[in-house]
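Written below as structure tokens is the structure these notes are about.
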Amino acid sequence: MRALMKAEEGIAIRNVAAPQPADDEVLIRVMLAGLCRTDVFVAEGRIPGKANVILGHEFSGIVERAGMRAGDFRQGDRVTAMPVLPCGRCDICSAGMQGRCQSTTMLGIDHDGAFGEFIAVPASAVYKIPDTLSFRLAAYSEPVAAALSVMKSGISPEQRGVIYGNNRFGHLIDRILKAYGFGSVMIFDPAEGRPLRKNAYDFAIETLATEKTLRELMVALKPGGKIVLKSRKHEPVGISLSLAVKKEVTLTAVNYGDFGEAIRLMAEGLIRVDDLLGPEHRLEEFAAVFERSKTLETQKVFFNPGA
45 MRALMKAEEG IAIRNVAAPQ PADDEVLIRV MLAGLCRTDV FVAEGRIPGK ANVILGHEFS
105 GIVERAGMRA GDFRQGDRVT AMPVLPCGRC DICSAGMQGR CQSTTMLGID HDGAFGEFIA
165 VPASAVYKIP DTLSFRLAAY SEPVAAALSV MKSGISPEQR GVIYGNNRFG HLIDRILKAY
225 GFGSVMIFDP AEGRPLRKNA YDFAIETLAT EKTLRELMVA LKPGGKIVLK SRKHEPVGIS
285 LSLAVKKEVT LTAVNYGDFG EAIRLMAEGL IRVDDLLGPE HRLEEFAAVF ERSKTLETQK
345 VFFNPGA
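Reading the sequence shown from the start, the letters are residues 45 to 351 in my numbering.
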């Protein structure tokens, strides 16, 4: 099969053998795979991955074959998958808190990913999708699940909030909040050059974490307010402890929401994300697509590995 993989010279399309699923895995024919900033960072070497790994972790597809211990998956099932895989062995996993496992691995980094014609995924990470949900929307399940995590942060619909970042992820979070009844939330665009109001918000959700951003949000929060952390910066980010303590600000970090709930929200039309989804490309167009993704913040672009 053809696959887009991390190579010594950067990234390249190679002809490789299709994966063979283990007994507890599902072999999936990839229909669409979204390009994420994480994929770009792996390609650039900013995030280390296994040698010659096939990139990509946001995808949808059709079950080609299921292992003997892969549950009730059958050939032809329409599916997507959670790309972050808990270890299943640690005390945290044993306590049923797999979402907080500290020994996770990830498709497209530690395991071959979805920028190929086929991918093998543990059955425990695979989710069936209804016929009413397009492959295009289903391939966006992972970003929706990531945004859905803000609902675990303890914020309430009657509160006033601000989302810092006029980008695709900020708009996705805004739509999820509206689906859950939040009516007093604004998206703040720092590029407009206007400051946030002081002492005005019960909570703030950041999508662009810097020391400057966090200070601005602390100033904008009411005393006792909450900052919800969503960025995955690999460099340390400082905070003003004196301001945080003085205003008794709570900082809450959240990772993923429920993957099945993310699928349901889209399948039932409770959130609309079509305008956040961009064009589809053949694997051969990867160079231009990767370059464009570094500046395109408004729409998700996709690869169709079978095209």
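C-beta atoms are modelled at their ideal positions from N, C-alpha and C, and glycine is treated no differently.
Because the structure is a prediction, the values reported are computed rather than measured.
Exercise. Pull up the distance between the alpha-carbon of leucine 321 and that of alanine 182, whole angstroms please.
Key: The alpha-carbon atoms of leucine 321 and alanine 182 are separated by roughly 11 Å.
Self-check item: Integer Cβ distance of phenylalanine 159 from leucine 99, believed to fall under 8 Å
Solution: Taking 8 Å as the upper bound for CB-CB distance, phenylalanine 159 and leucine 99 are in contact here, some 5 Å apart.
Quiz item: How would you write the range of the alpha helix (DSSP H) that histidine 215 sits in, first residue to last?
Solution: For histidine 215, the uninterrupted alpha helix (DSSP H) run begins and ends at 212-223, by DSSP.
Quiz prompt | Backbone secondary structure at leucine 79 - three-state DSSP | solution = In the three-state reduction of the DSSP assignment, leucine 79 falls in the coil class, being assigned neither a helical nor a strand state.
Practice problem: Would you kindly report the start and end of the unbroken alpha helix (DSSP H) that includes valine 333? | Solution: That run of the alpha helix (DSSP H) goes 330-337.
Practice problem: Along the beta strand (DSSP E) that carries arginine 46, what are the first and last residues, could you check? | Solution: In the DSSP annotation of this structure, the continuous segment of the beta strand (DSSP E) that includes arginine 46 starts and ends at 46-51.
Exercise. Return the CA-CA distance between threonine 296 and glutamate 255, expressed in angstroms with no decimal places.
Key: Distance between the alpha carbons of threonine 296 and glutamate 255: 16 Å.
Practice problem: Output the distance between the C-alpha atoms of alanine 190 and lysine 290, rounded to the nearest integer angstrom. | Solution: Distance between the alpha carbons of alanine 190 and lysine 290: 31 Å.
Exercise. Closer than 8 Å by C-beta to valine 229: which residues in its own chain qualify, once you throw out the five before and the five after it? Chain order, please.
Key: Within the same chain, valine 229 has close Cβ partners Arg204, Gly205, Val206, Ile207, Asp218, Leu221, Lys222.
Quiz prompt | Assigned exposure category for leucine 192 - 16 Cβ within 10 Å defines buried | solution = Buried is the call here.
Quiz prompt | Residue burial classification, glutamate 69 (beta-carbon count within 10 angstroms, cutoff 16) | solution = Only buried fits glutamate 69, as 16 or more other CB atoms lie within 10 angstroms of its CB.
Quiz prompt | Endpoints, the beta strand (DSSP E) within which proline 187 is located | solution = Proline 187 -> not in any beta strand (DSSP E); alpha helix (DSSP H) instead, spanning 185-192.
Self-check item: glycine 78 and phenylalanine 346 closer than 8 Å at C-beta
Solution: Annotated as proximal: glycine 78 and phenylalanine 346, with beta-carbon spacing under 8 Å.
Quiz item: Nearest to isoleucine 231 by CA position, among Ala244, Pro166, His215, is which residue?
Solution: Proximity to isoleucine 231 across Ala244, Pro166, His215 peaks at His215, based on C-alpha coordinates.
Practice problem: Hey, could you find the ends of the alpha helix (DSSP H) glycine 304 is sitting in? | Solution: Counting along the chain, the alpha helix (DSSP H) containing glycine 304 begins and ends at 303-311.
Practice problem: Starting from phenylalanine 179, trace the alpha helix (DSSP H) both ways and give me its first and last residue. | Solution: In this chain, the alpha helix (DSSP H) harbouring phenylalanine 179 covers 179-182.
Quiz item: Using the beta-carbon count (16 or more within 10 Å), is glutamate 312 buried or exposed?
Solution: Its Cβ having fewer than 16 others within 10 Å, glutamate 312 is exposed.
Quiz item: Looking only at its own chain, which residues have a Cβ that is under 8 Å from the Cβ of tyrosine 300, when we skip the five neighbours before and after it?
Solution: Taken in chain order, the residues that qualify are Met126, Val128, Gly143, Ala189, Ala190, Leu192, Ser193.
Quiz item: What are the boundary residues of the beta strand (DSSP E) that threonine 124 is part of?
Solution: Annotation: the continuous beta strand (DSSP E) that includes threonine 124 extends over 122-125.
Quiz prompt | Completely contained beta strand (DSSP E) runs for the region 248-305, where each covers 3 or more residues | solution = Taking only runs of at least 3 residues, the beta strand (DSSP E) segments lying wholly in the region 248-305 are 265-273, 294-297.
Quiz item: Is the Cβ-Cβ distance between isoleucine 283 and glutamate 250 less than 8 Å?
Solution: The beta carbons of isoleucine 283 and glutamate 250 sit no closer together than 8 Å.
Quiz item: What residue range is occupied by the uninterrupted beta strand (DSSP E) comprising serine 138?
Solution: Note, serine 138: premise wrong, no beta strand (DSSP E); alpha helix (DSSP H) at 135-138.
Quiz item: Three-state secondary structure (DSSP) at lysine 196?
Solution: DSSP places lysine 196 within a helical segment (H, G or I) once states are collapsed to three.
Quiz item: How would you label aspartate 116, buried or exposed, when you count the other beta carbons within 10 angstroms and need 16 or more for buried?
Solution: It is exposed - the Cβ of aspartate 116 has fewer than 16 other Cβ atoms within 10 Å.
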